[in-house]
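K.L.:
Residue numbers (the numbering used here): 191 to 590.
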């Protein structure tokens, strides 16, 4: 069937023209030709100027996800292999590839799909109708490209269970692609061993984006007393422990997460120095403060307090409160590591919120460093949604 043509309104597609990969439903003027949602279509500006090709889904607010900015590109198996190969070569040059994010959607020019590699297992998350149709081909090319470097994949698990699929007119789904396998996968990162639960863990099972931020705290930790808040499966806590911290307390509200964290501590021989408690961080920190507890290092790695622009105001209150509470527990001259993983909490607003928290407890902050997500989660300029993780390390000094 001949590809349909989508014509954009005059003045429309500004985000796309600035370098992004999305065109919204209210920017479309007309659709010429027959199509089904999920089909590849040609995209033209209001005056007929070709803008490229992308997947059309009229059920989604993001109606077009662009695959190529050229009209004459043939989007076939060779094209998909080229995209996958480029993504893999980039990661080989920039990160530890033993476990990493192989495909990061729009930032790897394969919009709507994420593929994580945990040792010899792949976890795929498909979030858009058009790319979902190409999922088998993309996975086939991933296995082919990796095999050329002697890396063979023993299993693939799908974690397409995010609510955003409903906005695309798709059902949520999770399950094996191909033969079943043990979904508890052991990986090693920064010298720390983890058991990653790719079936029931959060998102794809493990947060690879903090890899080098976890490594960055190691040099601060020898001989120190550390508090790791929102520890999930213990990653920051274990990095502190393996670096030689005298004691580490990890806190999370998830009993499943805490159970995994304890298992990971045992796996690394750190159970004597790294302990975990299941509690609400917002409740526990005031209790620790009342007891007069003080730590050399406090780490705050909360979940996203906002996933939409409409809830940013409440999120600011949450970030301000948690940083204020955390700062009260840092010894004079100690360190605070704090971050936000919400795209909507932009860098300027996050910095302003931390500054307000510090002023509220009369602390002075000396910035050690500012970091973002690991390079296997590349930030594509003009695609704002790809820049989401903000990570600070501060030395905390009392006002004197």
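The beta-carbon is built from N, C-alpha and C at its ideal position, and this holds for glycine as well.
Which of the three DSSP states, helix, strand or coil, is assigned to residue 592?
P.N.:
With the chain covering only 191 through 590, there is no way to say anything about residue 592.
K.L.:
Going by C-alpha distance, which of 213, 265, 259 is nearest residue 253?
P.N.:
It is 213.
K.L.:
Who are residue 580's beta bridge partners in DSSP?
P.N.:
Answer by DSSP bridge pairing, in chain order: 530.
K.L.:
Sorted by chain position, which residues of the same chain lie with C-beta nearer than 8 angstroms to residue 413's C-beta, five sequence neighbours on each side aside?
P.N.:
If we look at residue 413 and ignore the five residues flanking it on each side, its Cβ neighbours are 434, 435, 436.
K.L.:
Can you list, in chain order, the residues of its chain whose CB lies under 6 angstroms from that of residue 472, leaving out five sequence neighbours each side?
P.N.:
Counting only Cβ-Cβ distances below 6 angstroms, and skipping sequence neighbours, we find nothing.
K.L.:
Is residue 419 close to chain C? Criterion is C-beta to C-beta, closer than 9 angstroms.
P.N.:
Looking at the structure shown, chain C is missing, and only one protein chain is on hand.
K.L.:
For residue 506 and residue 516, what's the separation of their Cα atoms in angstroms?
P.N.:
So the two alpha carbons sit approximately 15 angstroms from each other.
K.L.:
Alpha carbon to alpha carbon, how far is residue 223 from residue 237?
P.N.:
Those two C-alpha atoms are separated by around 17 angstroms.
K.L.:
Count the C-beta pairs between the region 399 to 419 and the region 355 to 367 that are closer than 8 angstroms, then say yes if the count reaches three, no if not.
P.N.:
Segments in contact, no.
K.L.:
Let me know if residue 445 comes out buried or exposed under the rule of 16 or more other beta-carbons within 10 Å of its beta-carbon.
P.N.:
So residue 445 ends up on the exposed side.
K.L.:
Spatial neighbours of residue 386 within its chain, please: C-beta separation below 6 angstroms, excluding the five flanking residues on both sides.
P.N.:
308, 375, 377, 395, 396, listed in sequence order.
K.L.:
Would you mind giving the Cβ-Cβ distance between residue 241 and residue 233, rounded to the nearest angstrom? I have them listed as a contact below 8 angstroms.
P.N.:
Confirmed, about 4 angstroms.
K.L.:
Using 8 angstroms for Cβ pairs, my map puts residue 144 next to residue 440. What's the rounded Cβ distance?
P.N.:
The chain is shown only over 191 to 590; residue 144 falls outside these bounds and no answer can be derived.
K.L.:
What residue range does the alpha helix (DSSP H) around residue 450 cover?
P.N.:
Looking at the DSSP string, the run of the alpha helix (DSSP H) that includes residue 450 is 445 to 457.
K.L.:
Can you find at least 3 beta carbon pairs, one from the region 255 to 265 and one from the region 276 to 285, that sit closer than 8 angstroms?
P.N.:
Taking 8 angstroms as the limit for Cβ pairs, the verdict is that the region 276 to 285 does not touch the region 255 to 265.
K.L.:
So the alpha helix (DSSP H) residue 550 belongs to, where does it begin and stop?
P.N.:
Its alpha helix (DSSP H) spans residues 537 to 550.
K.L.:
What does the Cβ neighbour count give for residue 543, buried or exposed, with the cut at 16 atoms within 10 Å?
P.N.:
With 16 or more other Cβ atoms within 10 Å, it is buried.
K.L.:
Where do the N-terminal and C-terminal ends of the beta strand (DSSP E) with residue 365 fall, by residue?
P.N.:
Looking at the DSSP string, the run of the beta strand (DSSP E) that includes residue 365 is 363 to 367.
K.L.:
Would you say the region 470 to 487 touches the region 451 to 461, given that touching needs at least three Cβ pairs under 8 angstroms?
P.N.:
Output reads no: the region 451 to 461 does not touch the region 470 to 487.
K.L.:
Nearest-angstrom Cα distance between residue 432 and residue 382?
P.N.:
Looking at the two C-alpha atoms, the distance is approximately 7 angstroms.
K.L.:
Have a look at 511, 503, 494 and flag the residue whose alpha-carbon is nearest the alpha-carbon of residue 476.
P.N.:
Checked all of 511, 503, 494; the closest Cα to residue 476 is 511.
K.L.:
Less than 9 angstroms between the beta carbons of residue 428 and residue 289, yes or no?
P.N.:
Their beta carbons are not under 9 angstroms apart, which means residue 428 does not touch residue 289 by this criterion.
K.L.:
Distance check for residue 369 and residue 346, CA to CA, integer angstroms please.
P.N.:
Taking the straight line from one Cα to the other gives about 8 angstroms.
K.L.:
Helix, strand or coil: which one does DSSP assign to residue 516?
P.N.:
In this structure, residue 516 counts as helix in the three-state DSSP scheme.
K.L.:
Which same chain residues, not among the five before or five after residue 273, have their C-beta less than 6 angstroms away from its C-beta?
P.N.:
Closer than 6 angstroms at the Cβ level, and outside the excluded window around residue 273, lie 299, 300.
K.L.:
Apply the 10 Å Cβ neighbour rule to residue 554 and answer buried if 16 or more other Cβ atoms are within range, or exposed otherwise.
P.N.:
Looking at its Cβ environment, which holds fewer than 16 other Cβ atoms inside 10 Å, residue 554 is exposed.
K.L.:
Helix, strand or coil: which one does DSSP assign to residue 197?
P.N.:
Looking at residue 197 - three-state DSSP - the assignment turns out to be strand.
K.L.:
How would you call residue 559, buried or exposed, if buried means at least 16 neighbouring beta carbons within 10 angstroms?
P.N.:
Result: exposed.
K.L.:
Quick check on residue 317: does DSSP put it in helix, strand or coil?
P.N.:
Residue state, collapsed to three classes: coil.
K.L.:
Once you ignore the five residues that flank residue 592 on each side, which residues in its own chain have a CB closer than 8 angstroms to its CB?
P.N.:
In this structure the chain extends from 191 to 590, so residue 592 is not present and cannot be described.
K.L.:
Using the C-alpha atoms, what's the distance from residue 563 back to residue 450?
P.N.:
Residue 450 and residue 563: Cα-Cα distance of roughly 23 angstroms.
K.L.:
Excluding the 5 residues flanking residue 367 on each side, which residues of the same chain have their C-beta closer than 6 angstroms to its C-beta?
P.N.:
346, 348.
K.L.:
Determine the contact status of residue 410 and residue 583, defining contact as a CB-CB distance below 9 angstroms.
P.N.:
Yes; because the gap between Cβ atoms is below 9 angstroms, this pair is in contact.
K.L.:
Let me know if residue 578 comes out buried or exposed under the rule of 16 or more other beta-carbons within 10 Å of its beta-carbon.
P.N.:
Result: buried.
K.L.:
Roughly how many angstroms lie between the CA atoms of residue 530 and residue 541, to the nearest whole one?
P.N.:
Taking the straight line joining both Cα atoms gives about 10 angstroms.
K.L.:
Could you check what DSSP says for residue 347 in three-state terms: helix, strand or coil?
P.N.:
Strand, per DSSP.
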